[in-house]
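The structure under discussion appears below in the form of structure tokens.
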Amino acid sequence: MDTPHDLWGQYSPFFSVPSDIDPSTPPECDLTFGQVLSRHGSRDPTWRKTNAYDALIYRIQNSVSEYAPGYEFIADYDFPLGKDQLTLFGQREMVESGKAFYQRYKNLADDSDPFFRAAGASRVIESAYNFTHGLLEAQGRSDEIHLPKDMLILPEVRGFNNTLNHGGCPEFESRSFSEIKHEIQDTWKRVWLPPVTERLNRKLPGSKITLDETIYMMDLCPFHTVASPDAVTSDFCRLFSKKEWRNYAYFESLDKWYGYGMGNPLGPTQGVGFANELIARLTGTPVQDETSTNSTLDSSKDTFPLNRTLYADFSHDNLMTSVFAALGLYNATNGLSPTHEESPEQNNGYSAAWTVPFAGRMYVEKMRCSSDDEELVRVLVNDRVVPLHNCGADNLGRCRLGAFVESLSFARNGGLWDACFT
């Protein structure tokens, strides 16, 4: 069975999402501004997950003496995954992302380089480098490939305000709001996972695999796949049906929606700082924000210039989910059900795989069109046009700049930042 790579939630390799609206620039319009917010490329599991996967495989190999047909490969499985690092395939994803950015914003990129920022994790910084590699290669400037000298690295440390990584809201990070997603995921897990776990234990007698470990077995499919330089589909993938992969993808969507998005009362607030920086860049006016922005950096033309036409920021899936929520991109999506699977189409374009796959990206662009005196704003997430809300969007999903900024009242008013410290 061929396992669709787009059913792996946030662990899906990058793919272009189908768009109901033509994503190309209308012929009567010229792009005047482009902002990309990108997730890092495909990576190894976190150190905690890698250790858990290794322990599970070790236990299976030492407790199972007879493997069912199709499961024999596990007996000899010896492919230690790394921890937290960008994979070779992930590097290639980001090179291709840089090329795609250049092709879309070629007229702007030929006049000036983007201003680059990256969150401080090594995989994010390395992703930014590979993106730059692709951009310069597409421009025919391969001899200049280097990390941009003016790239701003935002440290991921406690106490440092960082709009590219959440962490400054105590109530969100470690108190009741941080548990919402686990409760929702546990409910969904009990609906669909027991028969899968039962089958694994029948095929691997003596392994005593739990519900959580069944998820680990499924996790090994995408992680083992992207650990291959060419993303060759792992043998772990064929252990599960397409329906089970849809349920898994939905499990991961619940994690993002209720952990960092609209399903968490404080989720959108984590993206407010970036949203207000975006407003500043779109309008060429100083940042107005008292949430996660760094006022020292954002008040300097060297570390937060307002005169560029292109900007490239590199971050993580969780923060990007919060940014999408702060911008109201998925306001038309109702709360995701914890008891039955819903497709991205049913959820108005929302899923973890459709929004934050590895190397996932949001483009925010301005265009000037002969049919309108005011610049228009449009947003694309993984090449899919996301129609804007509450600003009078036209049939191409675009709003006038002023109306778009006006629609972001949640962000402009600081979200629920005060609730972070109650």
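The opening position of the sequence shown corresponds to residue 1372 in our numbering, with each subsequent residue numbered one higher.
Backbone N, C-alpha and C define an ideal beta-carbon position, used for all residues, glycine too.
Bear in mind the structure is a predicted one, so any value in this text is a computation, not a measurement.
Determine whether the beta carbon atoms of residue i and residue j lie at a separation below 7 Å.
i: L1402; j: E1615; result: no
i: A1703; j: G1632; result: no
i: A1620; j: T1458; result: no
i: A1782; j: N1647; result: yes
i: R1419; j: D1688; result: no
i: M1522; j: F1487; result: yes
i: D1684; j: L1479; result: no
i: V1658; j: D1673; result: no
i: G1461; j: R1414; result: yes
i: V1748; j: C1770; result: yes
i: T1692; j: G1786; result: no
i: T1596; j: T1585; result: no
i: C1791; j: C1540; result: yes
i: T1534; j: G1644; result: yes
i: T1558; j: P1709; result: yes
i: L1452; j: F1594; result: yes
i: E1542; j: N1536; result: no
i: V1435; j: G1577; result: yes
When you compare only the Cα positions, how much space is there between residue i and residue j?
i: K1477; j: V1495; result: 24 Å
i: A1730; j: F1385; result: 6 Å
i: P1375; j: E1745; result: 42 Å
i: V1776; j: P1758; result: 15 Å
i: M1372; j: R1609; result: Here M1372 scores only 42 on pLDDT, less than 50, and its place in the model is too uncertain to base an answer on.
i: K1454; j: N1422; result: 9 Å
i: Q1406; j: G1773; result: 17 Å
i: G1630; j: F1472; result: 29 Å
i: E1497; j: Q1456; result: 9 Å
i: F1444; j: Q1432; result: 10 Å
i: R1512; j: G1768; result: 34 Å
i: N1761; j: L1653; result: 18 Å
i: E1713; j: N1753; result: 20 Å
i: W1563; j: Q1556; result: 11 Å
i: F1548; j: W1788; result: 13 Å
i: N1665; j: G1469; result: 27 Å
i: N1784; j: G1763; result: 21 Å
i: Y1720; j: E1544; result: In the sequence on display, residue 1720 carries Gly and not Tyr. Distance between the alpha carbons of G1720 and E1544 is about 27 Å.
i: D1606; j: P1566; result: 20 Å
i: L1571; j: S1722; result: 27 Å
i: G1538; j: N1678; result: 29 Å
i: S1778; j: Y1429; result: 53 Å
i: P1728; j: P1600; result: 17 Å
i: D1482; j: Q1474; result: 14 Å
i: N1635; j: K1560; result: 19 Å
i: H1711; j: E1554; result: 15 Å
i: D1514; j: D1391; result: 39 Å
Among the candidates the options, whose CA atom is the shortest distance from the CA of residue i?
i: Y1424; options: D1583, T1604, S1395; result: D1583
i: N1532; options: H1760, E1661, S1390, D1391; result: E1661
i: S1383; options: T1396, L1575, C1540, P1416; result: P1416
i: D1484; options: L1707, D1789, L1681, R1732; result: L1681
i: R1732; options: V1750, N1536, E1527; result: V1750
i: G1638; options: D1669, Q1659, L1698; result: L1698
i: I1551; options: P1728, G1768, L1707; result: L1707
i: S1780; options: I1650, F1594, S1741, M1738; result: I1650
i: P1389; options: S1741, M1738, E1716, N1784; result: E1716
i: A1602; options: P1394, G1412, P1397; result: G1412
i: S1686; options: A1446, Y1448, D1391, A1499; result: A1499
i: T1604; options: R1617, M1589, N1618; result: M1589
i: V1694; options: Y1734, E1554, G1655, K1560; result: Y1734
i: A1439; options: R1573, S1493, N1618; result: R1573
i: N1618; options: T1581, A1724, A1492; result: A1724
i: F1404; options: G1655, S1493, T1581; result: G1655
For my contact list, residue i and residue j are in at a C-beta cut-off of 8 Å; report their separation, rounded to the angstrom.
i: G1642; j: L1700; result: Rounded, the Cβ-Cβ distance is 10 Å, inconsistent with contact.
i: L1575; j: Y1442; result: 6 Å
i: L1427; j: Y1587; result: 5 Å
i: E1399; j: S1742; result: 6 Å
i: C1740; j: P1394; result: Between P1394 and C1740 the Cβ distance is about 16 Å, and since that is not below 8 Å, they are no contact.
Hey, is the stretch 1619-1626 in contact with the stretch 1492-1505, meaning 3+ C-beta pairs nearer than 8 Å?
no
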